[in-house]
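First the structure, in the form of structure tokens, and then the observations on it.
Numbering (UniProt numbering), first residue to last: 1 to 434.
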């Protein structure tokens with residue numbers, strides 16, 4: 001099969017690496033790709049992931065059999081609809097189904113219809129109405145979310161009423177997240193432990209695709225502003241087999257069934273951000289694509305043919321193939337970001353030592369925001385730039401391998417957290433690194 005992956009981040013590098021292992025793969029392209037993806041796929045650097053006509057042209061030029069859409073933006077704007085109308089098979093939801101991520105208000109209303117457990121909420125298009133609702137909550141901790149896509153950053157956790165009121169102003173008056181904040185969802189702040197869960201869906205059938213925990217906050221100890229993700233590990237200890245069964249029965253399948261009943265069947269990967277408290281899982285949000293950096297650790301553990309799985313989901317045949325198999329290992333990824341992220345950061349600095357880092361046993365250096373430079377150099381080209389992914393027989397072993405690789409990378413303009421996996425390590429009494 002000829003396969004085209006859409007995107008150019010760490011998620012897409014992980015997907016390309018996994019697809020490249022498939023015996024059914026003939027040729028692999030990635031649009032636009034990055035400096036690391038170029039080692040396993042032909043990068044179409046001039047094809048923008050959001051340029052539907054350019055993507056269609058690439059599919060026609062390279063006789064593509066399956067398109068795998070990585071990022072959320074082209075899904076929400078209808079890339080899959082356009083591809084299917086032109087006769088190309090695509091892994092990912094239609095624009096209507098992608099509203100599960102494209103509109104947090106739509107997602108919350110669907111959860112209510114499907115009777116899926118989630119936080120109490122209100123959705124608003126006027127700041128005054130949002131503030132009235134906030135003042136009626138008695139000062140309890142709240143979360144204010146931009147309704148639309150905001151690159152994983154349109155969420156503000158509020159400990160006080162004053163903070164929640166200010167968050168509404170930030171989104172709706174100051175327009176810190178642009179059009180994404182024209183409407184907001186305000187919801188109760190749930191206690192518990194977060195986890196990310198994944199299921200492959202073909203419109204009616206859903207199969208478990210693993211769980212992970214990520215670290216969204218910028219600073220160690222999960223402090224500072226939210227980011228797109230500074231690291232992750234899988235499996236997530238809080239999602240044991242019994243919890244996975246509950247999640248599929250109480251959250252994933254009811255959502256898939258409700259989408260089908262609405263006439264907007266969901267095909268692709270359904271990514272649930274959950275809060276688990278006293279054994280009760282509740283949905284914080286749904287995303288309609290693999291997480292980044294969660295995808296990196298899922299693909300490191302996957303022992304099945306990813307191409308077979310994605311093709312079956314795209315063609316409504318998940319019930320006809322074996323469910324995913326997993327290596328009996330832990331995977332952990334540490335994100336290296338450009339200094340200044342998630343605020344302003346400089347591009348173009350050279351990253352050295354990548355080859356030495358990549359030869360450590362169990363380590364894969366995944367590129368998230370890089371581009372090729374002169375004479376084979378690799379240059380930083382984004383906020384989150386590298387994902388140092390390692391496997392091991394424990395979280396501590398995977399962490400130590402990732403840190404050993406990071407110590408070989410020469411990039412003064414970059415930084416990372418050194419405490420990824422601390423929740424899992426705390427369960428075993430393993431000390432944090434010095």
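We put the beta carbon where it would ideally sit given N, CA and C, even for glycine. Note that this is a predicted model, so its numbers are computed, not measured.
A contact between stretches requires three or more CB pairs, one per stretch, nearer than 8 Å, and the stretch 380-387 meets this requirement with the stretch 217-237. The beta carbon of residue 97 sits closer than 8 Å to the beta carbons of 259, 264, 265, 266, 267, 268, 288 from its chain, once the five residues preceding and following it are set aside; these are given in chain order. As a beta-bridge residue in DSSP terms, residue 29 pairs with 4, 42. For residue 201, DSSP records a beta bridge to 206, 268. For the set 253, 12, 390, 33, the Cα lying nearest the Cα of residue 332 is the one of 390. In the structure shown, residue 410 falls within a strand segment according to DSSP collapsed to helix, strand and coil. Counting along the chain, no beta strand (DSSP E) covers residue 78, and no H or E run does either.
Distance from the CA of residue 144 to the CA of residue 158, rounded to the nearest whole angstrom, comes to 7 Å. When secondary structure is reduced to three states using DSSP, residue 254 falls in the helix class. The alpha-carbon separation between residue 85 and residue 73 amounts to approximately 19 Å. Check the Cα spacing between residue 185 and each of 172, 278, 204: the tightest is with 172. The three-state secondary structure of residue 99, taken from DSSP, is helix.
Taking C-beta atoms as the reference points, residue 388 and residue 377 fail to come closer than 9 Å. Excluding sequence positions up to five before and after residue 130, its CB lies within less than 6 Å of the CB of 124, 168, 184, 186, all in the same chain and listed in chain order. Per DSSP, residue 115 is not a residue of any beta strand (DSSP E), being assigned neither H nor E. Collapsing the DSSP output to three states places residue 396 in a helix. Contact between the stretch 335-350 and the stretch 404-424 is present, with at least three C-beta pairs closer than 8 Å. In chain order, 122, 124, 186 place their CB closer than 8 Å to the CB of residue 133, counting only its own chain and leaving out the 5 sequence neighbours on each side. DSSP places residue 316 outside both helix and strand once states are collapsed to three, so it counts as coil. Pairing residue 368 with residue 36, the inter-Cα distance amounts to about 8 Å. In the three-state reduction of the DSSP assignment, residue 241 falls in the helix class.
In this structure, residue 181 sits away from residue 221, with a CB-CB distance that is not shorter than 9 Å. In this structure residue 22 does not touch residue 2 by the C-beta definition: roughly 12 Å separates them, more than the 8 Å allowed. Under the three-state reduction of DSSP output, residue 153 falls in the coil class, being neither helix nor strand.
Spanning the alpha carbons of residue 197 and residue 273 requires a straight line of approximately 7 Å. Two segments are said to touch when three or more pairs of C-beta atoms, one from each, lie closer than 8 Å; by this definition the stretch 315-326 does not touch the stretch 277-287. Where residue 52 is concerned, the enclosing alpha helix (DSSP H) starts and stops at 52-61.
The beta-bridge partner set that DSSP reports for residue 285 consists of 273. Between the C-alpha atoms of residue 113 and residue 94 there is a straight-line separation of about 20 Å. Annotation: residue 310 to residue 243 spans about 25 Å, alpha carbon to alpha carbon.
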